[in-house]
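All letters in the sequence shown, in the order written, are residues 170 to 375 by the working numbering. Beta carbons are placed, not taken as given, at the ideal position from N, Cα and C, and that holds for glycine.
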Amino acid sequence: MTQSSLKSFRDTLEAIVVALLLALFIRTFIVQAFKIPSGSMLQTLQIGDHLLVTKFAYDVRLPSNLWLETADGKVLASVGDPERGDIIVFKFPEDESKDFIKRVIGLPGETLEVRNKVVYINGQPLDEPYTQHIKTSRVPIRDDFGPYTVPEGQYFVMGDNREGSYDSRWWGPVKREKIVGKALVIYWSWGSLTDIRFNRIGTLFN
């Protein structure tokens with residue numbers, strides 16, 4: 170190998186290493202991509218939507234393991250608190266190897282109750298124009314729940330499609346440290362290889 174070709178190889182290798190490190194940094198601290206596999210968030214999110222999730226919406230964390238998907242590393246700085254209506258990705262409490270996406274409904278310290286499909290927070294009905302009631306899975310229908318007081322540092326989450334969502338009504342609230350991030354934007358969406366949903370690409374979430 171000539172000196173010129175050796176230098177070219179070294180430059181290429183350095184560029185690859187830098188690109189990999191940059192990608193790791195972005196994925197660890199800034200944004201991460203997720204795909205919607207089920208109908209639990211219909212119609213807000215559809216099967217086949219691909220999202221970018223911002224990982225510093227609430228806390229800036231140092232991961233406990235850079236190579237594994239963790240959400241409970243050391244907090245470097247707190248940016249804000251999850252708010253009602255936020256769509257979040259979190260580690261599923263019953264199996265942390267899985268990521269779930271739901272909407273924040275109940276905040277720490279609040280008393281939540283579901284009566285005949287209507288959510289009440291501290292006795293007041295919650296206005297939820299985004300909800301659907303479409304049977305899309307084998308999850309039992311749970312039109313009534315509670316009352317239940319959300320523990321401090323935890324959040325009660327539900328899917329927008331209430332009759333097709335396995336959520337906090339079954340397995341309880343989500344601890345703040347298990348939140349991966351907040352939904353930011355749909356960057357791609359398709360129902361099949363030939364059904365690209367261009368009208369959904371670029372949809373932003375507040």
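- Cβ atoms of Phe225 and Val349 stay farther apart than 8 Å, at about 11 Å.
- Along the segment 330 to 364, the alpha helix (DSSP H) occurs as fully enclosed runs of 4 or more residues at 337 to 340, listed in sequence order.
- The beta carbon of Val229 lies closer than 6 Å to those of Leu245, Ala246 in the same chain, with the five residues before and after it left out.
- Counting along the chain, Glu279 sits inside no beta strand (DSSP E), nor does DSSP assign it H or E at all.
- Cβ atoms of Lys351 and Asp255 come within 8 Å of each other, at about 6 Å.
- Around Gly217, the same chain offers Ile205, Ser358, Trp359, Gly360 as residues with beta carbons nearer than 7 Å, after the five sequence neighbours per side are excluded.
- Tyr289 is a Cβ neighbour of Glu282, given a cutoff of 7 Å.
- Asn330 and Leu211 do touch by the CB rule: their CB atoms are close to 4 Å apart, below 8 Å.
- In the structure shown, the three-state DSSP call for Ile185 is helix.
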